[in-house]
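Taking our numbering, I'd label the letters of the sequence shown as residues 1 to 307.
These notes concern the structure reproduced below.
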Amino acid sequence: MEDRTQAPAAIPALAGPAFGKLATSLPPHVWFGVSAVFHYLGPAFAVLLFPHVGVLGMAWLRIVTAALAFAPLTRPWTVFARADRPTRLLLLAFGACLGVMNCSFYLALDRLPISLVAAIEFVGTIGVALVGVRSPRNLAALAVAVIGTLLLIDVKWSSDPIGLFWAFLNGALFVGYIVLGHRVARAGAGDGIAGLGAAMAVAFLIVLPIGFTDALPAFSAPPLLIAAIGVGICSSVIPYICDQLAMSRLPRSSFALMLSLLPVTATLIGVIVLRQIPSPTDCLGIALVVAGVAFHKPAPQTGATDR
């Protein structure tokens, strides 16, 4: 589906020339790769903290850490003051999506295997990628990547309806993150990150009353608080910034297809960090996902792309 609307024009620039040069000199796939690694490092640390601060407490600490990290750099109050009404609505929607998505992800992860949560999450990205398919070659690339992903993740049903509810809600909001994130990223590398900072401030306001009580133990235990801050940086600062830098230069369908690489990075992190050696089936899945992404041909960067 084509998106010919104009990019938001009222987000003030965050980055100077040096940052802008770095953002455009590196291929968008590099930024995506960094995001993919930290996408799984953060949740791996977060699960270890669930017994100490609770699920919603960890979500609260993650979002608050990210909002406070972005605030002095992006000055979200200035972003909203200078933005026009459509841009403000976009940032409000993006922030609401980020806040609820993070909470629902952790609530699902607390009840279901991460493989099932990942499978449900990837269903939505398949839809986004299919919308942007423009040729038989890209349809074939998508099919190969999907087959590889299904081999990597243990897709099985669950008898936990509450867990499934949170997992499907997270999957739907992840699609919203891709779509809204691309609209914010179209303002450019620096401006997109400024918009991300403003949206994170909105997410902070949304979760403020939700997980505060659960998060209180962290404030009386400095090591626990430091660990929670690390999770916030790894989960919501580094990957979201890198996503913006990738989204600003990749069509939406291409970005959605590349998300199929996430199970690959999860497997590699398992080998390096947890010494979990993949099975032959896992190796075949990795090969198919890499082949699918490599075979995919992005649409030209014109006004008619699905960005």
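Just so it is clear, CB atoms sit at the ideal spot from N, CA and C, and this is done for glycine as well.
For clarity, every value in this text was computed on a predicted model and none was experimentally measured.
Cβ-based burial, residue i [other Cβ within 10 Å; buried from 16]
i: Ser-135; result: exposed
i: Pro-72; result: exposed
i: Ser-104; result: buried
i: Ser-159; result: exposed
i: Arg-137; result: exposed
i: Gln-6; result: Note that Gln-6 scores 40 on pLDDT, short of 50, meaning its location in the model is unreliable; the coordinates nonetheless yield the value given after this. By the 10 Å Cβ count, Gln-6 comes out exposed.
i: Phe-255; result: buried
i: Val-53; result: buried
Proximity winner among the options, relative to residue i (alpha-carbon distances)
i: Leu-151; options: Asn-102, Ala-203, Ala-118 and Ala-199; result: Ala-118
i: Ala-59; options: Pro-280, Ala-185, Leu-98 and Tyr-40; result: Leu-98
i: Ile-210; options: Ile-241, Leu-107 and Thr-74; result: Leu-107
i: Ala-228; options: Pro-27, Gly-57 and Trp-31; result: Gly-57
i: Leu-68; options: Ile-233, Ile-241, Ser-279 and Gly-285; result: Ile-233
i: Trp-77; options: Leu-196, Leu-26 and Ala-246; result: Leu-196
i: Leu-208; options: Arg-62, Ala-93 and Gly-181; result: Arg-62
i: Leu-225; options: Gly-33, Thr-65 and Leu-26; result: Thr-65
i: Arg-111; options: Val-55, Pro-222, Leu-250 and Ala-93; result: Val-55
i: Ala-201; options: Ala-36, Thr-281, Pro-280 and Phe-94; result: Phe-94
i: Ile-272; options: Tyr-40, Ser-35 and Pro-28; result: Tyr-40
i: Tyr-177; options: Ala-96, Arg-85 and Ala-221; result: Ala-96
i: Tyr-240; options: His-52, Leu-180, Pro-86 and Pro-161; result: Leu-180
Beta-carbon separation (whole angstroms), residue i vs residue j, contact threshold 8 Å
i: Gln-244; j: Ile-193; result: 5 Å
i: Gly-70; j: Cys-242; result: The residue you asked about is not Gly; residue 70 is Phe in the sequence shown. No, Phe-70 and Cys-242 are not in contact; Cβ-Cβ is about 14 Å, not under 8 Å.
i: Val-231; j: Leu-49; result: 7 Å
i: Thr-74; j: Ala-198; result: 7 Å
i: Ala-36; j: Thr-265; result: 4 Å
Beta-carbon proximity list for residue i, same chain, < 6 Å, skipping 5 on both sides
i: Ile-238; result: Phe-38
i: Leu-288; result: Val-144, Ile-147 and Gly-148
i: Ala-291; result: Val-144
i: Pro-28; result: Ala-246, Arg-249 and Leu-250
Cutoff 7 Å: residue i Cβ touching any chain B Cβ
i: Pro-222; result: The chain inventory of the structure shown lacks chain B, comprising one protein chain alone.
Own chain residues within Cβ distance below 7 Å of residue i, not counting five before or after
i: Phe-204; result: Ile-63, Val-64 and Ala-67
i: Glu-121; result: Asn-170, Gly-171 and Phe-174
i: Arg-88; result: Phe-80
i: Gly-188; result: Caution is warranted here: a pLDDT of 49 is assigned to Gly-188, below 50, making its placement in the model unreliable, and no coordinate value can be reported.
8 Å CB neighbourhood of residue i in its chain, flanking five on each side removed
i: Val-100; result: Leu-169, Leu-173 and Ile-206
i: Arg-85; result: none
### Task
Taking 8 Å as the threshold, find out whether the stretch 138-146 comes into contact with the stretch 213-220 through three or more Cβ pairs.
no
### Three CB pairs or more closer than 8 Å across the stretch 165-172 and the stretch 31-50
no
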